[in-house]
Each structure stands twice: as C-alpha cells, then as structure tokens.
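Asker:
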Amino acid sequence: MVRTAVAVGGAAVLSAAAIGGGLWLAADDPDVPDSGDVHVSTPGCGVLTDEQVAELLPDAVLESAESGPLDGGENTACTWTSAGSASEDPETLRVDLSAVFTDTSGETPVTGDEAAQAGYEAMVPARGEDVPLTEDVLASVWRGQAPGTAELAFRTDNLVVRVSYAGAADGLGFDEARDRAVDAAEHLGEAL
C-alpha cells in the first residue's frame, strides 16, 4: 500500500515537473501574436449574424462552435445546418477561421502574413476559380468532393478563412452552392 502511494506520488511529481519544465521552455512560444500581426485572435461564430445565416440557410441552427489553439496560431470553426428542420433539402455551412502568428523562433522570422499566404496557397487547388470579394480581397472557390458542395478560401492579413457549403445531393447543384459560399465569404470579408 505504501509502495503504491509512493509510486503514485512520484509519478505526480514527475508529471508536474515535466509540465512546468515544458511551460518554462516554451516561454518563447511562436504561438503568441506578434505586434505586427493584425489578427491577434480569431473572431467567434458571431462574425456571421443570425440574419446573414438565415439569408444563406433558412431554418439553420448553429450546430457546433469550436475555438482553440492551432500550431502557430488560433482557430475557430463554426457549423450551421438546416438538417432536422422543416426544410426539404438539408444544407450545411462551415466556416473555419485561422489566425496565423509571426514565428520568431527560427533564424529568419516568418511573419503571420507570410505564413497565412503559404497556408492559403497549400489549401487552394489548381482548379480553383478566383472571385473578388472586396477591393482588396480575392477568394478562390472550387467544387467539393460530394455533389452539391462548394469550397472557398481567402486570406486577409494573417487570417485564413475557409467556407464550405453543402446541400442535399439531389436538391442543390454546384453553381448554387458556389453562389452561397461566395455570399457567405462576402459577408465575412466585410466583417473582417
């Protein structure tokens, strides 16, 4: 019994020391916004108002809202759906917002803007269609893997935004899904 208590106590002390040491070593953590980062956190799901969501997806409700750290930044993911409502063809809108922070841990610092641009370029397929959202912001939209889906991405400063819109396979074609994804992105572009 005493051996068990000593072993458990020793494990707790070692765990606490490891966590404390890790926190101390991470004092220069690149996951902290730099003074040059425009977006020091990601906006919440309220970045799209209830009215804007209702315009895009009548009868939709916020199904999930998650926020948390991201390697090198912060992420918010929001999903609205009309599944389970009186709507004949359920639709889903997902918005991912990722603030990418400046990384000064290497020899050459990588700004949040540069890292966000690299992430955006890696995300967008070659078949993407460029769509201007605002005077300064260009998005790329492409056909999703399932019928009736459209994917869209854009970047503003150190923030990467991805919009996914999906309708029921028989009820919504790509062109309509594309238009709704672009409409959602335009609302986001104005708010950001």
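In this note's numbering, the protein residues as written are 10 to 201.
The C-beta atom is built at its ideal place from N, Cα and C for all residues, glycine as well.
Out of Pro156, Asn167, Leu168 and Pro141, point me to the one whose CA is closest to Val191's CA.
Answerer: On the sequence shown, position 182 is the one that residue 191 refers to. The shortest C-alpha separation from Val191 is found at Pro141.
Asker: Let me make sure I understand the geometry here. Which of Ala69, Leu106 and Glu83 has the alpha-carbon closest to that of Gly93?
Answerer: In the sequence shown, the residue the question calls residue 93 occupies position 84. It is Ala69.
Asker: Tell me where the alpha helix (DSSP H) around Arg171 begins and ends.
Answerer: Looking up residue 171 in the sequence shown gives position 162. Segment Leu168 to Gly176 is the beta strand (DSSP E) holding Arg171; no alpha helix (DSSP H) there.
Asker: Does the stretch 167-178 come into contact with the stretch 94-112, if we say contact requires no fewer than three beta-carbon pairs (one atom in each stretch) closer than 8 angstroms?
Answerer: Short answer: they touch.
Asker: Can you give the beta carbon distance from Ala125 to Arg152, rounded, assuming they're within the 8 angstroms contact cut?
Answerer: The residue you call residue 125 lines up with position 116 of the sequence shown. The residue you call residue 152 lines up with position 143 of the sequence shown. Not really, about 24 angstroms apart at Cβ, beyond 8 angstroms.
Asker: Could you tell me whether the Cβ atoms of Ser73 and Thr88 are closer together than 7 angstroms?
Answerer: Counting from 1 along the sequence shown, the entry for residue 73 is found at position 64. Counting from 1 along the sequence shown, the entry for residue 88 is found at position 79. Yes; because the gap between Cβ atoms is below 7 angstroms, this pair is in contact.
Asker: If we count the other Cβ atoms within 10 Å of its Cβ and call it buried at 16 or more, is Arg187 buried or exposed?
Answerer: Taking the sequence shown and counting its residues from 1, the one referred to as residue 187 is at position 178. Buried, since its Cβ has 16 or more Cβ neighbours within 10 Å.
Asker: Would Gly45 and Thr117 qualify as a contact pair, given that the criterion is a beta-carbon distance under 7 angstroms?
Answerer: By 1-based counting over the sequence shown, the position of residue 45 is 36. By 1-based counting over the sequence shown, the position of residue 117 is 108. Cβ atoms of Gly45 and Thr117: not closer than 7 angstroms.
Asker: So is Glu199 buried or exposed if we call it buried at 16+ other beta carbons inside 10 Å?
Answerer: Here residue 199 refers to the residue found at position 190 when the sequence shown is read from its first residue. Exposed.
Asker: Closer than 6 angstroms by C-beta to Arg103: which residues in its own chain qualify, once you throw out the five before and the five after it? Chain order, please.
Answerer: Position 94 of the sequence shown holds residue 103. Here the set comprises Thr88 and Ser173.
Asker: To the nearest angstrom, report how far apart Thr143 and Glu195 are at their CA atoms.
Answerer: Start at 1 with the first residue of the sequence shown, and residue 143 comes out as number 134. Start at 1 with the first residue of the sequence shown, and residue 195 comes out as number 186. C-alpha separation (whole angstroms): 7 angstroms.
Asker: Please list the terminal residues of the continuous alpha helix (DSSP H) segment that includes Asp184.
Answerer: The count along the sequence shown starts at 1 and reaches residue 184 at position 175. First-last of the alpha helix (DSSP H) with Asp184: Phe183 to Ala200.
Asker: In the DSSP output, what is Gly128 paired with across the bridge?
Answerer: Within the sequence shown, residue 128 is the residue found at index 119, counting from 1. Paired residue(s): none; Gly128 is not in a bridge.
Asker: How many angstroms separate the CA atom of Val133 from the CA atom of Gly176?
Answerer: One-based indexing of the sequence shown puts residue 133 at position 124. One-based indexing of the sequence shown puts residue 176 at position 167. About 21 angstroms.
Asker: According to DSSP, simplified to helix, strand and coil, what is Glu144?
Answerer: The residue given as residue 144 occupies position 135 in the sequence shown. Here Glu144 sits in coil by DSSP.
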